[in-house]
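A.B. asks:
In our numbering, the protein residues as written are 1285 to 1401.
#1: Got a sec, what are the start and stop residues for the alpha helix (DSSP H) residue 1328 sits in?
#2: Following the continuous alpha helix (DSSP H) through residue 1348, name the residue where it begins and the one where it ends.
#3: In the structure shown, what three-state DSSP assignment does residue 1397 receive?
#4: Quick one: grab the DSSP three-state call for residue 1380.
#5: With contact counted as at least three CB pairs below 8 Å, one residue from each stretch, are the segment 1347 to 1362 and the segment 1322 to 1333 in contact?
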């Protein structure tokens, strides 16, 4: 049983009220005449079938490119951290800490974007 059939098998009890401009409602009425569907069915199909309004900000390819670059930068940061921690470089700690925080923040934003797919 697919998702749409599963949803219709359950009793729909929750209601909502939506307001439209005259122009928006004219478009909905036109779609209703063209498809023969009721307004609620049109809105449900538009939301549950297409989900266009929840499109991610980045394409899958863009996310993969960014992740590859972040992995390279992460490797560089690890090499720098190793030198700092071994005492070979002095005075870098504040800059390195800020750079590390930025790196972690970017990784978090990308993971949030991936979760919204």
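All C-beta atoms, glycine included, are put in the ideal place defined by N, C-alpha and C.
C.D. replies: Working from what's here:
#1: The count along the chain shown starts at 1 and reaches residue 1328 at position 44. Its alpha helix (DSSP H) spans residues 1323 to 1329.
#2: What you label residue 1348 is simply residue 64 of the chain shown in a count that begins at 1. Counting along the chain, the alpha helix (DSSP H) containing residue 1348 begins and ends at 1344 to 1369.
#3: Here residue 1397 refers to the residue found at position 113 of the chain shown. Helix at residue 1397.
#4: Stepping through the chain shown from its first residue, residue 1380 is reached at position 96. In the structure shown, residue 1380 sits in a helix (DSSP, three-state: H, G or I).
#5: Taking 8 Å as the limit for Cβ pairs, the verdict is that the segment 1322 to 1333 does not touch the segment 1347 to 1362.
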